[in-house]
Structures are given as structure tokens and as C-alpha cells.
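Read the structure below first, then the notes.
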Amino acid sequence: MKVCLIFPAPDYINSRFATPTFSPPLGLLYIASSLREAGVEVTLIDQIGEHLSDERLLKRVERYSPGVVGLSMMTWQASKAAELAAMIRKRLPDTHIVFGGVHATLNVERMMKKYTQIDSTITGEGELSMIELVRALESGGHIKAVSGIYHRENGIVKRGAPRRFITDLDALPPPAMDLVKTEWYGQVEGLRWPNLASMVSSRGCPFSCTFCSCSLFAGRKWRSRSPENVVDEIENLLVEGFKTIFFVDDCFTMNRKRILKICDLIRERKLEFSWLCEGRVDQVDSHTIRSMVKSGCRLMYLGFESANQRILDLYGKRITPQMSIQAAETCRKAGVDIILGTFIVGAPGETVKEVKNTIDFSMKLDIDFIQLNMLGAVTGTDIWNQLVNQGYLDPEAYWETGVLVSDIHPDSVQTGILERLISDAYEKFVYRKRYLSREILLTLKSRYRMGLFIRNVRQRGQLLSYARGELDDDKKRQLEKNDGRSSCL
């Protein structure tokens with residue numbers, strides 16, 4: 023039995039507060055490699071990476087004629103996934119359609135009740151459940167015996183036994199990166215990086231941020247791969263042609279000893295590449311960050327979130343503004359090329375003054391870029407549950423799309439005001455004289471920053487020529503391929 027895995031394009035109507043990153047669909051690539059190891063033939067279609075229209079995607083699926091089609095999604099892809107599933111059902115009526123991913127896990131019963139084209143849904147980690155699902159279908163057995171799956175019986179949605187989280191992550195085969203092409207990827211927060219691959223070295227998150235759904239999907243227990251296993255995969259990615267690796271762990275900086283060992287192995291094996299990661303401000307220390315920089319770490323995301331302790335406590339962050347200041351200083355002194363700070367505004371009861379305080383705070387930090395997000399609520403998070411219990415949020419109205427808190431909470435700053443404040447903040451952040459002079463100086467001192475700057479300036483220049491109609495057809499096609507301007511709709 024053949025399996026076709028699909029990563030759908032964004033649903034632009036419902037992705038108002040989503041900021042997709044253009045890197046390989048890691049979850050599906052892990053499932054693909056696990057299926058292969060079990061002897062199952064599998065292909066993968068990344069509608070975003072390949073810039074495929076719905077019709078081109080459907081023709082690919084028809085030609086492959088799979089017995090199982092699996093679609094994975096975040097909230098910003100959910101409606102598109104349902105549309106594709108309905109169209110696949112019409113063309114391949116006997117194909118088993120299974121949903122998975124974070125959004126499907128958090129909304130499984132609602133999705134299956136609304137969309138009858140879905141035969142089953144895998145909740146949580148999908149590697150083992152997908153193998154068992156395929157084996158059950160091949161043998162003619164009933165899939166109700168498969169753990170971690172919701173299915174239908176006589177039109178009624180039934181839940182199978184829950185599946186335990188995978189504890190030995192080293193036992194999983196590395197993602198099937200040969201199913202994607204390096205040139206499809208490379209954009210993170212508007213910057214293009216050379217041949218970008220995503221990678222996860224651990225799963226789970228023990229923290230309790232009220233806006234986050236990570237632990238609902240991957241559990242609160244932090245589980246890590248061994249340093250040797252991580253660096254083995256890095257070597258494989260470099261052989262595949264990737265030059266930049268983005269660690270997308272929920273808690274990459276959780277264990278300093280493990281990070282230091284990974285960095286030591288990278289240097290021992292003389293691996294030349296650049297890497298990016300996220301980190302908590304309370305897990306940043308000079309020795310660890312310096313070791314990371316020496317092994318190729320070029321960018322760090324730091325979740326500062328707010329300048330107001332009251333809001334940080336509301337978010338359950340367990341940090342202080344002073345920790346944020348210290349973390350930024352530590353990363354700068356350690357030599358991190360690019361520091362990106364994330365902030366969230368629009369909390370229930372947050373005032374305009376507090377929002378402005380956070381914006382002003384972002385400009386005092388020694389960082390290179392800011393990402394200002396409006397607080398959103400998705401199914402199952404603490405923020406979502408609070409809003410439901412308080413009567414501000416109708417879960418049946420927003421489970422498919424999520425919702426900006428500022429759209430529904432009477433004591434939140436209105437969305438329109440937040441949008442103006444954020445827009446003004448970005449412009450003010452970039453055009454500060456002190457910022458511009460500092461960034462120029464840092465870029466002149468860093469060969470890597472200079473290369474990244476030239477690459478992105480060249481790309482922006484090509485986009486301007488594209489808009490003016492100054493490119494010949496060959497250059498237009500190449501730019502569309504690299505920049506994602508071909509329609510995904």
C-alpha cells in the first residue's frame with residue numbers, strides 16, 4: 023500500500039495571526055522515514071515549498087494513486103486541508119484519508135464531525151500510529167485497535183486507546199530529507215538563508231506559557247536525543263546539500279550539558295554550517311552561548327514577550343524584564359550575529375500604556391530584529407480556556423481559525439489600535455539612528471552578516487525589478503520559484 027503525505031498551503035483567509043516559516047515539514051518527513059523503515063512506499067508533497075496550485079497537487083496525488091493520504095496541519099492550514107481532502111475524496115473515493123498535526127490533535131472530534139471526508143485522525147506524535155494504521159488497512163483488520171487514532175464506526179466518531187509519547191527518540195530514523203529539495207526553503211522572518219533545513223533535537227516542554235499549545239501536542243516531559251545522534255543527522259543534512267539548520271525544538275536550551283556536548287562534536291567533526299535556534303531568557307549563560315557561536319550558531323530567537331511583569335505573569339512566563347535585558351547582553355557579548363526578540367501584545371486587560379512600554383523596551387534591548395505579535399487563542403491553551411470560562415469566547419465559532427484576544431475581549435486594546443502601534447513600532451525600530459549605525463558596524467565586522475545582507479539586498483532588488491516588469495521570462499520564473507510568488511491558491 024502506497025502512502026502520500028501532504029503539507030497544505032496556508033489558508034490566507036484564516037491565517038491572520040500566523041507567521042509561517044518556509045522550512046521543510048519536519049513532522050511529515052519523520053513519518054515518511056518511519057514508513058520507509060517499515061517497508062512502506064511513500065511520497066511527500068509540500069504545497070508551500072513547491073508552490074503548487076490545488077489542481078496541480080490533485081493531479082500529482084491521482085497519478086500516484088495512494089491507498090492512504092495523510093494531511094498534517096497547523097491552524098493556518100486547517101481549512102485548506104479540509105478542502106483538499108474533499109477534492110481527493112471525489113477523485114479517489116477508496117483512498118483512506120487521515121489527518122494529523124497540532125491543529126488536528128487539538129480539534130479532533132470537531133473536525134471529524136464536520137468533515138466526513140476524513141476517515142481517521144492521528145493525535146500527537148504520528149510515526150508509530152501511521153505505521154500501525156497502514157498495516158491494519160493492508161491486512162483488512164479494523165483500525166480501532168490502533169493506539170492514538172480517532173476513527174468512524176457507523177458514522178460515529180470513536181476514540182482508540184491513547185498512545186504513549188516516544189521516549190527513545192534516537193530509535194527514530196532521521197527525516198526523509200531526500201523527499202524535498204534544498205532550493206525550496208530558506209526564509210525565516212523575511213530573511214532568506216542559504217538552503218535551510220529544520221531539525222528537532224528534543225520534544226516536549228515542561229513550561230506552562232498560557233498562550234502556547236506545544237505541551238498539548240508533545241507533552242510536558244522534555245525528551246531529548248543524544249548529542250551523537252543529533253550531530254549524525256547534521257552530517258547527513260550537509261551531505262544532502264543543506265547549509266543552514268534551524269533547530270525548532272520547543273526547549274532547545276533546556277540542558278546546558280547536552281548543548282555543550284553537541285557543540286563539541288560539531289567542532290570535533292569539523293562541520294562547517296550555520297545554525298539558528300530559539301531560547302528562553304532564563305536559560306542563557308555566557309559559556310554556553312560562546313560555545314554555540316564557536317560551533318556555528320548565527321541567530322537566536324529570544325522570547326522576551328513583554329516589558330510588564332504583570333503581563334509576563336499572566337502569560338505564565340516565569341521570567342522578569344531584567345532577565346531579558348541580561349540575556350540580550352549575554353548573547354551580544356558572546357558573539358551571536360543576529361538576535362531576534364519576540365513580543366506579544368493584546369493580553370486581556372493590557373492597557374495602551376503597557377503596550378507602548380513593551381514597544382519602548384524592545385528598542386532599548388541590544389537586539390537586531392523584533393517580532394511583535396498580537397495575542398491569539400487556539401483550542402486547549404490556558405488563554406483559550408479562560409476566555410471560554412469567562413464567556414468571551416464561543417469555541418464553536420473559533421475552533422477552526424483561532425482568534426485574536428483583542429477581537430473578543432472587552433478589556434483588551436482594540437485590534438485596529440494594536441495594528442497601528444505595531445506598524446509604527448517596526449518603522450521606528452528600524453529607522454533609529456543609533457540602531458542603523460550599530461547594525462552597519464556589526465555587519466562590517468561580521469563576514470556572515472555581510473553575506474546575508476548582500477544576499478537579501480540582491481533579492482529585494484530583484485523583487486523590485488519584478489514588480490516593474492523589468493525581468494526577462496527566465497529570471498521571472500527563477501524568482502517566482504525562489505521567492506514563493508507563484509500562486510498557492
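Position one of the sequence shown corresponds to residue 23 (the working numbering), numbered consecutively onward.
Cβ coordinates follow ideal geometry from the N, Cα and C atoms, glycine included.
The model shown is predicted, which means the values in this text are computed figures rather than measured ones.
- Between the alpha carbons of R111 and R312 lies a distance of about 53 Å.
- Taking a cut-off of 8 Å on C-beta distances, the region 133 to 141 touches the region 98 to 114, as three or more cross pairs fall below it.
- Ranked by how close their Cα comes to the Cα of P370, the residues Y337, D286, K355 and G325 have Y337 in first place.
- In the three-state reduction of the DSSP assignment, L336 falls in the helix class, which pools H, G and I.
- In the structure shown, the three-state DSSP call for S235 is coil.
- With respect to the 8 Å criterion, M221 and I267 are classified as neighbours on the basis of their beta carbons.
- When DSSP states are grouped into helix, strand and coil, Y470 belongs to the helix group.
- Around C234, the same chain offers T403 as residues with beta carbons nearer than 7 Å, after the five sequence neighbours per side are excluded.
- S317 and A356 do not touch by the CB rule: their CB atoms are close to 12 Å apart, not below 8 Å.
- Put simply, the region 82 to 99 touches the region 26 to 34. At least three CB pairs are less than 8 Å apart.
- Here DSSP, grouped into helix, strand and coil, assigns Y453 to coil.
- Residues of the same chain with a CB within less than 6 Å of the CB of E63, apart from the 5 flanking positions on each side, are K24 in chain order.
- E160 sits away from F187, with the two beta carbons spaced by 8 Å or more.
- The beta carbon of Q436 sits closer than 7 Å to the beta carbons of S428 from its chain, once the five residues preceding and following it are set aside; these are given in chain order.
- Counted as a single uninterrupted DSSP element, the alpha helix (DSSP H) harbouring G49 occupies residues L48 to E59.
- By DSSP's assignment, Q393 forms a beta bridge with T364.
- Per DSSP, the beta bridge partners of D68 are F29.
- Bounds of the beta strand (DSSP E) holding T266 are T266 to F269.
- For K180, the uninterrupted beta strand (DSSP E) segment begins and ends at I178 to R181.
- Residue state for C319 is assigned as strand, using DSSP reduced to three classes.
- When DSSP reads this structure, E175 sits in a beta bridge with I178.
- In terms of Cβ geometry, A329 and T380 form a close pair [threshold 8 Å].
- In this chain, the alpha helix (DSSP H) harbouring H125 covers V124 to L128.
- Apart from the 5 residues on each side of it in sequence, P228 sits with its Cβ closer than 6 Å to the Cβ of R242 and W244 in its chain, given in chain order.
- With fewer than 16 neighbouring CB atoms inside 10 Å of its own CB, G61 falls in the exposed class.
- With a cutoff of 8 Å on beta-carbon distance, R85 and I67 are scored as not near each other.
- Nearest to L191 by C-alpha distance, out of R442, R278, V306 and E255, is E255.
- Spanning the alpha carbons of L415 and K265 requires a straight line of approximately 44 Å.
- Spanning the alpha carbons of I153 and V303 requires a straight line of approximately 39 Å.
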